[in-house]
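**Q** Below is the structure I would like to discuss, written out as structure tokens.
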Amino acid sequence: MDKASLQNFIETNPLFSLLTAAEKKILEDALIYELIPPHTVFIEQDDDSQTVYFIYEGTVRVYRISESGEEINIAVMGKGDIAGEMAVVNKLPRSANVETIQETSVLKLSCTAFENLMKKNAAFSYAVLQNISAKLQVNVRKIENMRVDTLKERTLETLQQLSAYFTSEIPLSQEELATIVGASRARVTEALAELREENKVTLSHRSIKLH
């Protein structure tokens, strides 16, 4: 990653806009670029917190494994989002897994550097806490909706979340989408067929277009 791209990322990220020029320079020197292959878990549930990740390009999914072994999907994130900050703030093990959906580039920041920025800049610290609060509110609503929504509604909601990170078609197979939704491929295929009949989606080989 070249210096100009890194500086542009820092300047255009709303969270970093709260930093002073000196703090931005410290951040620029501390961030480490990494390209992660698709379907790679780079944050593991119950691990100790060592790194905060800022997503530069790509999309990831967040999920937990319950005590019974069930996979519980929590969220989809993409460009500009932050992953791993909750465990740093709470000083607890990771609460969930984060896995790349497609090839994803991230900027890594050590927990120590992240904590130092929070200690030195009250506005930045407050914005981080607001971000965490917003995530928790979304997760609570999602859990509530899972109790009442049909699989078709859950599938459509997931596609709407994913569409925020793609300019046109969503480059996922139906099997990959089923993993994110948290249902079998057969059931998600049925849901997609219903959505297509309602003219809400167009299905192609390894891609889905939301209308």
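If you use the numbering used here, the sequence shown corresponds to residues 271 to 481, in order. Built from N, CA and C at the ideal position, the CB exists for glycine as well.
Answer yes if the region 391-401 comes into contact with the region 333-350, meaning at least three C-beta pairs across the two stretches below 8 angstroms, and no otherwise.
**A** no
**Q** Whole angstroms is fine: what's the gap from G328's alpha carbon to L379's?
**A** Numbered from its first residue, the sequence shown carries residue 328 at position 58. Numbered from its first residue, the sequence shown carries residue 379 at position 109. So the alpha carbons of these two residues sit roughly 18 angstroms apart.
**Q** How is the alpha helix (DSSP H) around E355 delimited, first residue to last?
**A** Stepping through the sequence shown from its first residue, residue 355 is reached at position 85. 355-360 is the span of the alpha helix (DSSP H), which, as asked, contains E355.
**Q** How big is the Cα-Cα spacing for E464 and T425?
**A** Residue mapping note: residue 464 aligns to position 194 of the sequence shown, counting from 1. Residue mapping note: residue 425 aligns to position 155 of the sequence shown, counting from 1. Near 11 angstroms, if we compare the C-alpha coordinates of T425 and E464.
**Q** Would the region 316-325 and the region 352-367 be scored as touching if the rule is three or more Cβ pairs under 8 angstroms?
**A** With a cut-off of 8 angstroms, the region 352-367 and the region 316-325 count as touching, because enough Cβ pairs lie within range.
**Q** Name, in chain order, the residues that DSSP records as bridge partners for F324.
**A** By 1-based counting over the sequence shown, the position of residue 324 is 54. Paired residues: I352, L377.
**Q** Within a Cβ cutoff of 6 angstroms, which residues of the same chain sit near I306, ignoring the five residues on either side of it in sequence?
**A** Translated into positions along the sequence shown, residue 306 becomes position 36. Hits under 6 angstroms: F312, T370, T374.
**Q** Can you say whether R476 is buried or exposed, counting buried as having 16 or more other CB atoms within 10 angstroms of its CB?
**A** Here residue 476 refers to the residue found at position 206 of the sequence shown. So R476 counts as exposed.
**Q** Please work out which residues of its chain come closer than 8 angstroms, Cβ to Cβ, to N367, disregarding the five sequence neighbours upstream and downstream, and give them in chain order.
**A** To locate residue 367, count along the sequence shown from 1; it is residue 97. So the list reads V311, I313, E314, Q315, V332, Y333, R334, I335, once near-sequence residues are dropped.
**Q** Cβ of L377 within 8 angstroms of Cβ of Y435?
**A** As a position in the sequence shown, residue 377 is number 107, starting the count at 1. As a position in the sequence shown, residue 435 is number 165, starting the count at 1. For L377 and Y435, no; Cβs fall outside 8 angstroms.
**Q** Once DSSP output is grouped into helix, strand and coil, what is the label at Y435?
**A** Here residue 435 is taken as the residue at index 165 of the sequence shown, counted from 1. Coil.
**Q** When the Cα atoms are used, what is the spatial distance from T472 to N409?
**A** Here residue 472 is taken as the residue at index 202 of the sequence shown, counted from 1. Here residue 409 is taken as the residue at index 139 of the sequence shown, counted from 1. Going by the C-alpha atoms only, they are around 28 angstroms apart.
**Q** What does a CB cutoff of less than 8 angstroms around S365 pick up in its chain, not counting 5 residues either side in sequence?
**A** Locating residue 365 in the sequence shown gives position 95, counting from the first residue. Closer than 8 angstroms at the Cβ level, and outside the excluded window around S365, lie Q315, R334, M356, A357.
**Q** Taking the CB atoms as reference points, tell me whether L285 and L297 lie closer together than 8 angstroms.
**A** Along the sequence shown, one-based indexing puts residue 285 at 15. Along the sequence shown, one-based indexing puts residue 297 at 27. Taking 8 angstroms as the Cβ cut-off, L285 and L297 do not qualify as a contacting pair.
**Q** Using three-state DSSP, classify T382 as helix, strand or coil.
**A** As a working mapping, residue 382 is identified with position 112 in the sequence shown. Note: T382 maps to helix in three-state DSSP.
**Q** Measuring only the C-alpha atoms, how far is N469 from E446?
**A** Locating residue 469 in the sequence shown gives position 199, where the first residue counts as 1. Locating residue 446 in the sequence shown gives position 176, where the first residue counts as 1. If I take the Cα positions, the gap works out to 22 angstroms.
**Q** By the three-class DSSP mapping on this structure, what secondary structure does L468 have?
**A** Taking the sequence shown and counting its residues from 1, the one referred to as residue 468 is at position 198. The sequence shown places Glu at residue 468, not Leu. Residue state, collapsed to three classes: coil.
**Q** Could you please give me the residues that DSSP links to I342 through a beta bridge?
**A** Indexing the sequence shown from 1 puts residue 342 at position 72. Paired residues: R334.
**Q** Quick check: what's the CA-CA separation for V458 versus R466?
**A** Position 188 of the sequence shown, counted from the first residue, corresponds to residue 458. Position 196 of the sequence shown, counted from the first residue, corresponds to residue 466. Taking the straight line joining both Cα atoms gives about 12 angstroms.
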